[in-house]
Amino acid sequence: MNRNTDWKLVESQLASLLEGTDVWVSVLANASALLAEELEDLNWVGFYLTGRVVARGVGVDELVLGPFQGKIACERIAWGRGVCGSALERDETLRVDDVHEFAGHIACDSASRSEIVVPLHVGGHVVGVLDVDSPILARFDADDQTGLEACARIIEAHIGSDA
Ligand code: SME
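Quick note: the sequence shown uses the numbering used here, first residue 186, plus one each step.
This is the structure in structure tokens:
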């Protein structure tokens, strides 16, 4: 299915939305809301963060649930576990056409069929991930990956030099 997301428009909307904002929880809350509004056929979009952003009681090598839009999700994900922990470990975007084929996929919502996870960085460190789920098989294509990676670069610039 060709959704033809206008990624340049989404990126400029995100940049305008986040202008002058540097409190990470607000940045990520509004970023997840914008992506949920602008992208079709999603059932979850949000963030998992390491202790580099969420300091108290969270390690730099584990993920804790951050702001999101969607159903209740698992709170912690270990380094290397699931799609999110694997993207964190490899420090690369993971685009999964069929989550049932991904060994170790963590099913927070049984409706999820495809998923894309983009790592976030601050100060040269991977500090968390942007996670987007869809109930449609192979929902995300190469253009979506490029667009979400561009969004991740915009978000990174607002989540704090102290992260
Ligand atoms: N599916 C993810 C877990 C997070 S939920 O999708 C919100 C994973 O395998 O890491």
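All C-beta atoms in this analysis are idealised placements derived from N, C-alpha and C, irrespective of residue type, glycine included.
Contact test: residue i Cβ vs ligand 1 heavy atom, cutoff 7 Å
i: Ile321; result: no
i: Trp192; result: no
i: Ile301; result: no
i: Ala263; result: no
i: Asp318; result: yes
i: Cys259; result: yes
i: Ser297; result: yes
i: Trp229; result: yes
i: Val268; result: yes
i: His343; result: no
Integer-rounded CB distance, given that residue j should sit under 8 Å from residue i
i: Ile291; j: Leu333; result: Not quite, the Cβ-Cβ distance comes to about 19 Å (not below 8 Å), so this is no contact.
i: Val355; j: Trp209; result: Here the chain covers residues 186 to 348 and nothing more, so residue 355 does not appear.
i: Gly236; j: Asp294; result: That pair is no contact at about 26 Å.
i: Val212; j: Ile321; result: The pair is not a contact, with the Cβ atoms about 28 Å apart (cut-off 8 Å).
i: Ala216; j: Ile340; result: 5 Å
Residue burial classification, residue i (beta-carbon count within 10 angstroms, cutoff 16)
i: Ser201; result: exposed
i: Ala348; result: Legend: pLDDT at Ala348 = 47, less than 50; position of this residue unreliable, no value from coordinates given.
i: Ala350; result: Here the chain has residues from 186 to 348 only, and residue 350 is not among them.
i: Asp316; result: buried
i: Arg324; result: buried
i: Ser271; result: buried
i: Val245; result: exposed
i: Arg261; result: exposed
i: Leu194; result: exposed
i: Gly205; result: exposed
Of the listed residues the options, nearest to residue i (C-alpha basis)
i: Asp318; options: Phe253, Leu203, Ala214 and Arg338; result: Phe253
i: Pro304; options: Ser297, Ala296 and Val314; result: Val314
i: Ala147; options: Leu203, Ala288 and Gly289; result: Since the first residue shown for the chain is 186 and the last is 348, residue 147 is missing from the structure and cannot be characterised.
i: Asp283; options: Ala342, Val268, Asp191 and Ala214; result: Val268
i: Thr190; options: Gly205, Thr206, Leu227 and Asn215; result: Leu227
i: Val350; options: Thr331, Asp329, Arg275 and Ala218; result: The chain is shown from 186 up to 348; residue 350 falls before or after that span and cannot be answered.
i: Leu286; options: Thr278, Asp207 and Arg298; result: Reading off the sequence, residue 286 comes out as Glu, not Leu. When only C-alpha atoms are compared, the closest one is Arg298.
i: Val307; options: Leu220, Leu199, Ser217 and Leu234; result: Leu234
i: Leu279; options: Glu225, Val243 and Ala327; result: Ala327
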